[in-house]
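Enquirer: Going by my numbering, the first residue of the sequence shown is number 46, and it counts up by one from there.
For each residue, glycine too, the CB sits at the ideal point set by N, CA and C.
Questions regarding the structure given below will be posed in turn.
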Amino acid sequence: LIITAHGQMPVAELDDAMSRFADGDADILLATNIIESGIDIQSANTMIIHRADMFGLSQLYQLRGRIGRGKQRAYAYLTTDPARKLTPQSRRRLEVMQTLDSLGAGFTLASYDLDIRGAGNLLGDEQSGHVREVGVELYQAMLDEAVKEIKSGGASDDASAQDTWSPAINLGASILIPDEYVPDLSVRLSLYRRIAALEDISEHDELVAELVDRFGSLPQEVQNLIDTIIIKIRCRTAHIEKLDAGPKGLSVTFRHNRFPNPDALIGLISKKSGVMQVTADQKLVVRKTLPLSKRVLAARELVDEIVGLL
Numbered sequence: 046l047i048i049t050a051h052g053q054m055p056v057a058e059l060d061d062a063m064s065r066f067a068d069g070d071a072d073i074l075l076a077t078n079i080i081e082s083g084i085d086i087q088s089a090n091t092m093i094i095h096r097a098d099m100f101g102l103s104q105l106y107q108l109r110g111r112i113g114r115g116k117q118r119a120y121a122y123l124t125t126d127p128a129r130k131l132t133p134q135s136r137r138r139l140e141v142m143q144t145l146d147s148l149g150a151g152f153t154l155a156s157y158d159l160d161i162r163g164a165g166n167l168l169g170d171e172q173s174g175h176v177r178e179v180g181v182e183l184y185q186a187m188l189d190e191a192v193k194e195i196k197s198g199g200a201s202d203d204a205s206a207q208d209t210w211s212p213a214i215n216l217g218a219s220i221l222i223p224d225e226y227v228p229d230l231s232v233r234l235s236l237y238r239r240i241a242a243l244e245d246i247s248e249h250d251e252l253v254a255e256l257v258d259r260f261g262s263l264p265q266e267v268q269n270l271i272d273t274i275i276i277k278i279r280c281r282t283a284h285i286e287k288l289d290a291g292p293k294g295l296s297v298t299f300r301h302n303r304f305p306n307p308d309a310l311i312g313l314i315s316k317k318s319g320v321m322q323v324t325a326d327q328k329l330v331v332r333k334t335l336p337l338s339k340r341v342l343a344a345r346e347l348v349d350e351i352v353g354l355l
């Protein structure tokens, strides 16, 4: 006998179906992922997940947790469509599930999920995405600052806010540590934290030398990541709050729309008339064709030029 369970069933009918399966009235429960939480059936010891590549890592982990809750050894079979090619992310999720075979694997699961999907924006609507400019560390700092602000019942201390602000860098380039370059997850997360904590240009050279020594020549994504952090450091020095780069050029927004040496900046704009100008909303714009491969370098050169005016 087969019992079915899915989200479109009336509540009473669904409850009855689950109760009958728990009581042993059927050998097979055919269900959607509605059973991924809140189900504790001691006798359930085998699960077959159809098209497992369509589920997220946490969903697969929760589904698998519905079996093996008794004393019997349990088996979970994750199936895929042989006619469809797995995406790299799907393949990694299935590989991770194979490794999570011990009790208390929740933290390991969360770490893998973070690495596959990215940290996203912990304080905003975007809850997934690659760990880009600064990795996990910046988000933690932002979260700490927000919590302190809420606890204080208002805006955080002006001096503290002035000291902790972080420039926003949007270059469109791929900036991450590929798992092919650093296979170990814990090492990758540690490197993200170290890169995020860079505060001085000299530290950049030391870290690059260490990475090359340990893992070989830097992939372009890693070079972009480190360069982006250096650009952020330089942007703070230049009082640049936001830096954007696209196929048609670069855009700079100064903090509070002010620059410490306006006369020197005006001189630079005059010198590069036609290429560099200030828009009506007080943004400094550089108009030039920038393919993706040259944006990081162009951004660093522009920021260095502005720092040189101080």
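At what residues does the alpha helix (DSSP H) containing R62 begin and finish?
Expert: Note that residue 62 is Ala in the sequence shown here, rather than Arg. Where A62 is concerned, the enclosing alpha helix (DSSP H) stretches over V56 to A67.
Enquirer: Tell me the DSSP bridge mates of L216?
Expert: For L216, which the question treats as bridged, DSSP gives no partner whatsoever.
Enquirer: Applying the criterion that 16 or more other CB atoms from any shown protein chain within 10 Å of the CB defines a buried residue, is R340 buried or exposed?
Expert: buried
Enquirer: With burial defined as no fewer than 16 other Cβ atoms inside 10 Å of the residue's Cβ, what is the status of Y120: buried or exposed?
Expert: exposed
Enquirer: Please check the pair T253 and I278, which I expect to be a contact at CB under 8 Å, by giving their CB distance rounded to whole angstroms.
Expert: Position check: residue 253 holds Val in this sequence, whereas Thr was assumed. With 8 Å as the limit, V253 and I278 do not qualify as a contact, their Cβ atoms being about 15 Å apart.
Enquirer: May I ask you to list the residues that DSSP assigns as paired with I73?
Expert: I47
Enquirer: Does A71 get closer than 8 Å to chain B when you measure Cβ to Cβ?
Expert: As a matter of chain content, chain B is missing from the structure shown, which is built from one protein chain.
Enquirer: If you run the structure through DSSP and keep just helix, strand and coil, what is I86?
Expert: coil
Enquirer: By DSSP's criteria, Q265 is part of a beta bridge. Which residues make up the other side?
Expert: Q265 is not bridged to any residue.
Enquirer: Closest to D16 by C-alpha separation, out of Q87, R303, P55 and S219, would be which residue?
Expert: In the structure displayed, the chain extends from 46 to 355; residue 16 sits before or after that span and is not available.
Enquirer: Buried or exposed, going by whether 16 or more other CB atoms sit within 10 Å of the CB of H284?
Expert: buried
Enquirer: Go through the stretch 266-348 residue by residue and report every complete run of the beta strand (DSSP E) that reaches 3 residues or more, in order.
Expert: 285-291, 294-299, 321-323 and 329-332
Enquirer: Which residues does DSSP pair with M92 in a beta bridge?
Expert: Beta-bridge pairing links M92 to A121.
Enquirer: Please report the distance separating the alpha-carbon of G319 from that of L313.
Expert: 12 Å
Enquirer: I'd like to know if the stretch 129-140 and the stretch 88-108 are in contact, where contact means that at least 3 CB-CB pairs between them fall below 8 Å.
Expert: yes
Enquirer: So, using beta-carbon positions, are L355 and P292 closer together than 8 Å?
Expert: no
Enquirer: In the DSSP assignment, find the alpha helix (DSSP H) that holds Q107 and state where it starts and stops.
Expert: L102 to R109
Enquirer: Is Y237 helix, strand or coil by DSSP?
Expert: helix
Enquirer: With three or more C-beta pairs closer than 8 Å as the rule, is the stretch 332-346 touching the stretch 227-234?
Expert: no
Enquirer: By the three-class DSSP mapping on this structure, what secondary structure does D258 have?
Expert: Correct three-state label for D258: helix.
Enquirer: For the alpha helix (DSSP H) that contains R137, what are its first and last residues?
Expert: According to the DSSP assignment, R137 belongs to the alpha helix (DSSP H) that extends over P133 to T144.
Enquirer: Distance, Cα to Cα, T132 vs D126?
Expert: Straight-line Cα distance between these residues: approximately 12 Å.
Enquirer: Compare the C-alpha of A218 against each of Q327, A62, A290 and P212 and name the closest.
Expert: A290
Enquirer: For S211, which three-state DSSP category applies?
Expert: For S211, the secondary structure class from DSSP, reduced to helix, strand or coil, is coil.
Enquirer: Assign L337 to one of two classes, buried (16 or more other C-beta atoms within 10 Å of its C-beta) or exposed (fewer than that).
Expert: exposed
Enquirer: How many Å lie between L46 and L75 at the Cα?
Expert: 11 Å
Enquirer: Suppose you measure from the CA of Q327 to the CA of T298; what does that come to, to the nearest Å?
Expert: So the two alpha carbons sit approximately 7 Å from each other.
Enquirer: In or out: P55 buried (at least 16 other Cβ within 10 Å) or exposed?
Expert: exposed
Enquirer: Name the residue from T334, I246 and Q265 whose alpha carbon lies nearest to the alpha carbon of R294.
Expert: Residue identity check: residue 294 is Gly in the sequence provided, not Arg. G294 has its Cα closest to that of T334, out of T334, I246 and Q265.
Enquirer: Taking the alpha carbon of T282 as the point to measure from, which residue in N269, K316, E194 and E244 has its own alpha carbon closest?
Expert: E244
Enquirer: Using 8 Å as the threshold, is the C-beta distance between M107 and N90 below it?
Expert: Contrary to the premise, residue 107 reads as Gln rather than Met in this sequence. No, they are not a contact pair.
Enquirer: With a cut-off of 8 Å on the beta carbons, I'd call I80 and Y122 a contact; round off their distance for me.
Expert: In fact, because the Cβ distance is near 16 Å, the residues do not count as touching under 8 Å.
Enquirer: CA-CA distance, H175 and L263?
Expert: For H175, the predicted structure reports a pLDDT of 42, less than 50, and the residue's modelled location is therefore unreliable. The matter cannot be settled from this model.
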